[in-house]
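So the sequence shown is numbered by this note's numbering: it starts at 38 and just counts up by one.
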Amino acid sequence: MAATPQTPAWPQEGLTRVPYWVYQDADLYRQEMDRVFRGRSWNFLCLAAELPGPNTFRTSDLGDMPVVVTRDAEGAFHAFENRCAHRGALLVFKPAGSAREMACVYHNWTYDLTGKLTGVAFRRGIKGSGGMLPDAQPDAQAPRQLKIENYHGLLFGTLADGMPPVEDYLGADVAEKVRRVMAKPVKPLGGYSQMLPNNWKLYMENVKDTYHASLLHLFFTTFRINRLSQRGGVIVGGDGGCHVSYSITDAVKSDDYEKAGMRSAAGGFALEAPEVLDSVDEIGDGITVQIVGVFPGFVLQQIKNCLAVRRVAPRGLESTELFWTAFGYADDDQARTELRLAQANLIGPAGFISMEDGAATGFVQRAIIGAGDHQAVVEMGGRDVASNESRISETSVRGFWQAWRARMGL
Ligand code: FES
Ligand SMILES: [Fe+2]
38 MAATPQTPAW PQEGLTRVPY WVYQDADLYR QEMDRVFRGR SWNFLCLAAE
88 LPGPNTFRTS DLGDMPVVVT RDAEGAFHAF ENRCAHRGAL LVFKPAGSAR
138 EMACVYHNWT YDLTGKLTGV AFRRGIKGSG GMLPDAQPDA QAPRQLKIEN
188 YHGLLFGTLA DGMPPVEDYL GADVAEKVRR VMAKPVKPLG GYSQMLPNNW
238 KLYMENVKDT YHASLLHLFF TTFRINRLSQ RGGVIVGGDG GCHVSYSITD
288 AVKSDDYEKA GMRSAAGGFA LEAPEVLDSV DEIGDGITVQ IVGVFPGFVL
338 QQIKNCLAVR RVAPRGLEST ELFWTAFGYA DDDQARTELR LAQANLIGPA
388 GFISMEDGAA TGFVQRAIIG AGDHQAVVEM GGRDVASNES RISETSVRGF
438 WQAWRARMGL
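Rendered as structure tokens:
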């Protein structure tokens, strides 16, 4: 099934080319919301720990569709569309909180925490006058319910029927790396969101682009947190859309970036508080950076002791909201929490590492404006989609497009 009659064909080279119209076509964007985010995908909603007990809620998104995630009076999780059955207003405005019921602010229709309509204001009118007819069905347009799965503390949601379990969706090798981080109960430390001036796919490609990290991010290379010469690898899982990249800081310092004249190793930088990079090998396997990307819009991050989840919410063709939640383990002591918070200076919109990602993806969106009939070249590490010991590879970017094209029929 073609996306639209006027959508150009995918380049004949296949996964090694990405045509620039995929970031610029408004019809394609609307179809993505239905076929990718509201189609056969598991979408990360939030950490289970962000809903600390019964009668709590927080808001999230399924693509551009607002969603409410709740825990009912018994503590069971639910997720449903954040849209009133009456005239379609948002039911919940606050990002998170506690409540026993929800009332739409527009005309005061009420809902329980499972998303079921429980009351219609003045349904029978007043003194026999006004109100709804007896045969009216006010819940006929009730908010859609999501199926959810709590995978080791990560809440995923989908509108599709018959989805495989999250573990199968990730693939066994990626799932193992998710469980490596989510090995014990977590506690949220704080969060924020940032607006990215680009199509959502450019950000997810950036996350899966293991080639760029030590070339774009001066901080990574200068302070030897991540270099392509270090031991590591990239694992591709699921139908190609899930991946892990990881690296291990070297004991022996190589100078390959300096010899090659890479901008990111230009030198001249030092930290006034180098202890911010003192890290603890708390998982015990020596992996110092691990990034997991899950199609379509989820990232689980370990950079030294800085743990975070990131969630992509498209806000239009060329605008993306990126939500970050930093977390630690529930049994962390004060010193460990402070270490995580200090290292959180590396991430987020002004993070010493992450700030450059939003800039780079914005540069692409700006540069391709007149090049809809041209293509990006994705040939690092070959032409296929496969796990690889070298991170000088774009294999997981090709995997992203494999998953995307399967859902879009392109
Ligand atoms: S739109 Fe919600 S009660 Fe009218
Ligand atoms: Fe990056």
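Think of the CB as a built atom: it goes at the ideal place given N, C-alpha and C, for glycine as much as any other residue.
Owing to the predicted nature of the structure, the values given are computational and were not obtained by experimental measurement.
Check, Outcome
"Cβ separation of Phe114 and Lys224, assumed to be a contact under 8 angstroms, to the nearest whole Å", "Actually they are not in contact, since the Cβ atoms of Phe114 and Lys224 sit about 17 angstroms apart, beyond 8 angstroms."
"Assigned exposure category for Tyr229 - 16 Cβ within 10 Å defines buried", "exposed"
"Three-state class that DSSP yields for Lys341 in the structure shown", "coil"
"Alpha helix (DSSP H) runs wholly inside the stretch 44-91, at least 4 long, in chain order", "63-69"
"Distance cut 5 angstroms, beta-carbon to ligand 1 heavy atom: residue list by chain order", "Cys121, His123, Arg124, Ala126, Cys141, Tyr143, His144, Trp146"
"Val349 at chain C interface by Cβ criterion, 9 angstroms", "No chain C is present in this structure, which holds just one protein chain."
"The stretch 319-335 in contact with the stretch 233-253 per 3-pair CB rule at 8 angstroms", "yes"
"The beta strand (DSSP E) enclosing Ser251, as first and last residue numbers", "First-last for Ser251: 250-253, but that is the alpha helix (DSSP H), not the beta strand (DSSP E)."
"Distance cut-off 8 angstroms: Asp394 Cβ against heavy atoms of ligand 2", "yes"
"Selection from Tyr148, Glu87, Val415, Asp71 that minimises the alpha carbon distance to Phe117", "Tyr148"
"Any non-hydrogen atom of ligand 2 closer than 8 angstroms to Asn243 Cβ", "yes"
"Ser282 CB to nearest heavy atom of ligand 3 below 8 angstroms", "Ligand 3 is absent from the structure shown, which contains only ligand 1 and ligand 2."
"Any non-hydrogen atom of ligand 2 within 8 angstroms of Ser433 CB", "no"
"Cβ separation of Gly112 and Met70, assumed to be a contact under 8 angstroms, to the nearest whole Å", "That pair is no contact at about 31 angstroms."
"Check: Leu253 C-beta below 8 angstroms from any heavy atom of ligand 2", "yes"
"Inter-residue spacing [alpha-carbon to alpha-carbon] between Gln182 and Pro222", "27 angstroms"
"Exposed unless 16 or more other CB atoms sit within 10 angstroms - verdict on Val129", "buried"
"Beta-carbon proximity of Leu378 to Val218, cut-off 9 angstroms", "no"
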